[in-house]
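Heads up, the thing below is written out as structure tokens.
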Amino acid sequence: MKPIRKAIFPVAGLGTRFLPATKAMPKEMLPVVDRPLIQHVVDEAREAGIEHFIFITGRNKAVIEDHFDRQFELELTLKERRKKSDLELLSRDLPEPGTTSFTRQQSPLGLGHAVWCARELVGNEPFALLLPDVLVQHKPGCLAQMMEAYRATKENANIIAVEEVPLDRIQSYGVVGIGKSKGKTFAITEMVEKPTREAAPSNLIITGRYILQPEIFKLLETQQGGAGGEIQITDAMIRLAKAQPFYGLKFEGRSFDCGSKVGFLSANVAYALARDDIAPALREEIKRLLGEK
Ligand code: G1P
9 MKPIRKAIFP
19 VAGLGTRFLP
29 ATKAMPKEML
39 PVVDRPLIQH
49 VVDEAREAGI
59 EHFIFITGRN
69 KAVIEDHFDR
79 QFELELTLKE
89 RRKKSDLELL
99 SRDLPEPGTT
109 SFTRQQSPLG
119 LGHAVWCARE
129 LVGNEPFALL
139 LPDVLVQHKP
149 GCLAQMMEAY
159 RATKENANII
169 AVEEVPLDRI
179 QSYGVVGIGK
189 SKGKTFAITE
199 MVEKPTREAA
209 PSNLIITGRY
219 ILQPEIFKLL
229 ETQQGGAGGE
239 IQITDAMIRL
249 AKAQPFYGLK
259 FEGRSFDCGS
269 KVGFLSANVA
279 YALARDDIAP
289 ALREEIKRLL
299 GEK
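In short: position in the sequence shown from 1, add 8, done, that's our numbering.
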């Protein structure tokens with residue numbers, strides 16, 4: 009069983025659902041409390057043992073690259089002002105030199121195409137894929153749970169995180185059908201990207217965390233447009249599942265779809281309520297806003 013060392017983060021999306029906030033700023037840099045969305049997802053990957061972080065960017069996304077670099081002027085000013093804890097925070101988050109890679113998806117052809125853009129950077133080894141729109145609040149994180157499940161399979165398997173959602177939201181996601189369980193995982197029997205309610209095989213959706221074998225790249229090369237006319241990773245996974253073991257993991261934790269305004273705002277509240285330095289004051293403020301004593 010080959011280890012998972014690299015992770016792909018597709019960050020090329022236009023973020024139109026958050027305009028005008030995302031006119032000049034990538035949506036992945038919107039803060040959840042005081043960390044950008046993308047930083048939360050990178051934290052999750054780091055905690056799971058990922059050693060190399062591959063970002064699929066696009067035009068207007070250069071600030072993401074800057075975020076994962078040093079900021080000398082800022083560091084100097086903080087040093088002069090003896091802001092030790094701020095300096096420590098910055099150095100804790102800084103990736104080791106040489107452990108990040110950035111490549112551009114030149115045209116918005118879909119998530120499958122974005123992943124395919126990483127083929128040279130990933131090479132012939134299994135990898136993790138994390139969609140920064142999705143946050144999962146739990147310790148250990150969602151990817152760490154998947155890594156454990158991956159090791160337990162003792163084979164070069166593919167694993168996707170799945171969770172239940174109400175049927176009226178099903179058409180926004182990739183939806184799976186599951187079969188027999190093996191440990192904490194289930195065999196995936198079906199996958200459909202953005203099905204109608206009637207066509208959905210279950211109420212279990214793909215949550216935006218994947219462990220995939222490198223054979224996916226060959227399939228993506230010939231993948232035709234699917235839902236929304238875009239090259240979908242789900243369609244390539246359907247073909248991969250015919251040749252390789254494919255499992256779903258019902259992970260522990262609460263997920264937030266930060267691609268939606270309500271999901272993003274809920275994530276902010278939930279992550280702030282989990283912080284000792286903010287929670288007491290915020291709880292009071294929420295009560296006040298809701299008109300409670
Ligand atoms: C993508 C995937 C979908 C998955 C979803 C999770 O869709 O294609 O299978 O369920 O992320 O957020 P998107 O949100 O990019 O439309």
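The beta carbon of each residue, even a glycine, is placed where N, CA and C say it ideally should be.
Considering only residues of the same chain and omitting the five flanking positions on each side of residue i, which have a CB-CB separation below 8 angstroms?
{"i": "alanine 249", "result": "Asn166, Ile196 and Met199"}
Can you grab the Cα-Cα spacing for the pair residue i / residue j, in whole Å?
{"i": "valine 123", "j": "leucine 129", "result": "11 angstroms"}
{"i": "proline 103", "j": "phenylalanine 110", "result": "13 angstroms"}
{"i": "valine 49", "j": "lysine 91", "result": "26 angstroms"}
{"i": "proline 28", "j": "aspartate 141", "result": "18 angstroms"}
{"i": "lysine 202", "j": "isoleucine 168", "result": "16 angstroms"}
{"i": "glycine 118", "j": "glutamate 238", "result": "5 angstroms"}
{"i": "proline 148", "j": "phenylalanine 225", "result": "29 angstroms"}
{"i": "histidine 121", "j": "glutamine 240", "result": "7 angstroms"}
{"i": "valine 302", "j": "leucine 290", "result": "Lying before the first or after the last residue shown, residue 302 is absent from the chain, which here runs from 9 to 301."}
{"i": "lysine 269", "j": "glycine 23", "result": "11 angstroms"}
Between which two residues does the alpha helix (DSSP H) containing residue i stretch?
{"i": "lysine 92", "result": "92-101"}
{"i": "serine 274", "result": "269-281"}
{"i": "glutamate 83", "result": "80-88"}
{"i": "isoleucine 219", "result": "Not the alpha helix (DSSP H): isoleucine 219 falls in the beta strand (DSSP E), residues 212-220."}
Please tell me whether residue i and residue j are closer than 8 angstroms, where the distance is taken between their beta carbons.
{"i": "aspartate 58", "j": "lysine 14", "result": "In the sequence as displayed, the identity of residue 58 is isoleucine instead of aspartate. Cβ atoms of isoleucine 58 and lysine 14: closer than 8 angstroms."}
{"i": "glutamate 171", "j": "phenylalanine 259", "result": "yes"}
{"i": "leucine 220", "j": "proline 134", "result": "yes"}
In terms of residues, what are the limits of the beta strand (DSSP E) holding residue i?
{"i": "glycine 256", "result": "254-258"}
{"i": "methionine 199", "result": "193-201"}
{"i": "alanine 108", "result": "In the sequence under discussion, the amino acid at residue 108 is threonine, which differs from the alanine named in the question. Run containing threonine 108: 108-112, per the beta strand (DSSP E) assignment."}
For residue i, which residues in the same chain have their Cβ closer than 6 angstroms to its Cβ, ignoring the five residues on either side in sequence?
{"i": "leucine 95", "result": "Leu86"}
{"i": "proline 116", "result": "none"}
Identify which residue in the options has its Cα closest to the Cα of residue i.
{"i": "phenylalanine 264", "options": "Gln145, Pro253, Asp42 and Gly236", "result": "Gln145"}
{"i": "phenylalanine 17", "options": "Met37, Lys35 and Ile62", "result": "Ile62"}
{"i": "glycine 21", "options": "His60, Glu52, Leu273 and Thr65", "result": "Thr65"}
{"i": "phenylalanine 194", "options": "Thr161, Asp42 and Pro105", "result": "Thr161"}
{"i": "isoleucine 186", "options": "Leu212, Gln179, Arg283 and Arg262", "result": "Leu212"}
{"i": "isoleucine 214", "options": "Ser274, Ser189, Ala280 and Leu138", "result": "Leu138"}
{"i": "glutamate 73", "options": "Ser99, Val19, Tyr255 and Leu84", "result": "Val19"}
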